[in-house]
Amino acid sequence: MRYTVREIAHAIDAEATGDLDLTILKLSEPFAAGPNDLAVAINPKYAEKLNLGRARAAILWADADWYSFGLAAAILPKNPRFTMAKLTEIMDLKQGFEDRIHPSAIIDPSARIGVDVTIGPGAVIGPNAKIGPRCVIGPLSFIGWKTEIGSDSYIREQVSIGAGVSIGERFIANPGARIAGDGFSFVTPEPNAVDAVRATLGVQEKMTPQRWSRIHSLGSVTIGDDVEIGANTTIDSGTIRPTRIGHRTKIDSLVHIAHNVIVGHDTLICGQAGLAGSVTIGNHVIIAGQVGVADNLTIGDCVVLGAACKVLTSVRAGKVMLGYPATEMRSQIDAYKSLRRLPRIMRDIAAIKKAVFKSDNIS
Numbered sequence: 001m002r003y004t005v006r007e008i009a010h011a012i013d014a015e016a017t018g019d020l021d022l023t024i025l026k027l028s029e030p031f032a033a034g035p036n037d038l039a040v041a042i043n044p045k046y047a048e049k050l051n052l053g054r055a056r057a058a059i060l061w062a063d064a065d066w067y068s069f070g071l072a073a074a075i076l077p078k079n080p081r082f083t084m085a086k087l088t089e090i091m092d093l094k095q096g097f098e099d100r101i102h103p104s105a106i107i108d109p110s111a112r113i114g115v116d117v118t119i120g121p122g123a124v125i126g127p128n129a130k131i132g133p134r135c136v137i138g139p140l141s142f143i144g145w146k147t148e149i150g151s152d153s154y155i156r157e158q159v160s161i162g163a164g165v166s167i168g169e170r171f172i173a174n175p176g177a178r179i180a181g182d183g184f185s186f187v188t189p190e191p192n193a194v195d196a197v198r199a200t201l202g203v204q205e206k207m208t209p210q211r212w213s214r215i216h217s218l219g220s221v222t223i224g225d226d227v228e229i230g231a232n233t234t235i236d237s238g239t240i241r242p243t244r245i246g247h248r249t250k251i252d253s254l255v256h257i258a259h260n261v262i263v264g265h266d267t268l269i270c271g272q273a274g275l276a277g278s279v280t281i282g283n284h285v286i287i288a289g290q291v292g293v294a295d296n297l298t299i300g301d302c303v304v305l306g307a308a309c310k311v312l313t314s315v316r317a318g319k320v321m322l323g324y325p326a327t328e329m330r331s332q333i334d335a336y337k338s339l340r341r342l343p344r345i346m347r348d349i350a351a352i353k354k355a356v357f358k359s360d361n362i363s
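So for the sequence shown, this note's numbering puts the first residue at 1; every next one is plus one.
If you want it as structure tokens, here you go:
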């Protein structure tokens, strides 16, 4: 991949100065940059390390004194951090999959494959599946019966997508993602220990041992446009209706989304988060790493769930939650401060008790 500084600046809609015909082969950190690398030094802290490398060109910030860094050329975007999205897109070499359908791929005769589709070695495309134009299906991936994938989607290696899934355009699934596995839903003929604990808030009465019966998953999964799924993330099928993921939602690696969950649009879900069955997540929600949301709860629009918090009740729109159990962030911080003061308070109480007892003994 070869660009000039001028071409890169034009692609990311940024101002450029200096030798605009300088050839750029790849991006690099400032301290490791070579003469044909574009050093990424989008703030003064990174720019301090430019003298450790051999970069002749760098992407800086709007009012940077680029010449003082000894550069031959510079790109000066107004919003450097946001510009990284477009910059990394144009420099992305992807995974090097060949632009063809590999002869070892297994494609059912009833499947409909769009134009310019790449299908890697050992991939399986099931009956009546529909793959949109310009999609990439990576090696050893599986696309199930009657599943539809929109145009320009990028399915990495060893991704499994079950039957009846509907996926929009420009979908990205990272290695090992599992979509439309069966939901974890089991029942007993009579009330079980879980039912008893919920009813009594903690008292487990003596229960007759019972066998669990499986509730089957008939609803599959529906995913909107421009959704991304991280590595080894699992999204279970709904019981009757589909589990739904809204447009432009981004889901990190090692996330579990259970059956019947509804996730709105433009929501961010970070690694190791878990959403239990029938949870509803609004639009523009941020769910940080290791967050757990209990079943059948509703999380309103624009909520932020802080790292590792455990949500046991529904949350109204716009709230910022933290802790276990999750409470509003200000309340959680106040409680934490009070907890830290406990040792001093206990010492003060002990001193008061000692003084009182001493006074009683004197009298």
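Even for Gly, the Cβ is constructed at its ideal location relative to N, Cα and C. Here the structure is a predicted model, which is why all the values come from computation and not from measurement.
Going by C-alpha positions, Ala64 is about 46 Å away from Thr298. Collapsing the DSSP output to three states places Lys358 in a helix.
Counting the other CB atoms within 10 Å of its CB gives Asn296 a total below 16, which places it among the exposed residues. The alpha-carbon separation between Ile240 and Ser217 amounts to approximately 7 Å. The secondary-structure analysis by DSSP pairs Lys130 across a beta bridge with Arg112, Glu148. By DSSP's assignment, Arg214 forms a beta bridge with Phe186. Ile345 is not bridged by DSSP to any residue. Shown here, Met207 sits in coil according to DSSP, grouped into three states, outside any helix or strand. Per DSSP, reduced to three states, the secondary structure at Ile90 is helical. In the three-state scheme derived from DSSP, where H, G and I count as helix and E and B as strand, Lys319 is classed as coil. Excluding the 5 residues flanking it on each side, Ile90 has same chain C-beta neighbours closer than 8 Å at Tyr3, Ile8, Ala11, Ile12, in chain order. Straight-line spacing of the CA atoms in Asp99 and Ile229 works out to 23 Å.
Between the alpha carbons of Thr23 and Leu52 lies a gap of roughly 21 Å.
Runs of the beta strand (DSSP E) spanning 3 or more residues and lying entirely within the region 8-85 occur at 15-18, 26-28, 37-40, 57-59, 73-76, in chain order.
The DSSP-derived three-state label of Tyr336 is helix.
Looking at the backbone, the Cα of Cys270 and that of Gly289 are separated by about 5 Å. When the beta-carbon positions are compared, Arg81 and Ile42 come within less than 8 Å of each other. At the C-beta level, Leu305 and Ile287 come within 8 Å of one another.
If you check the CB distance, Glu169 and Gly138 do not come in under 8 Å. Under DSSP, Val293 shares a beta bridge with Leu275, Val311.
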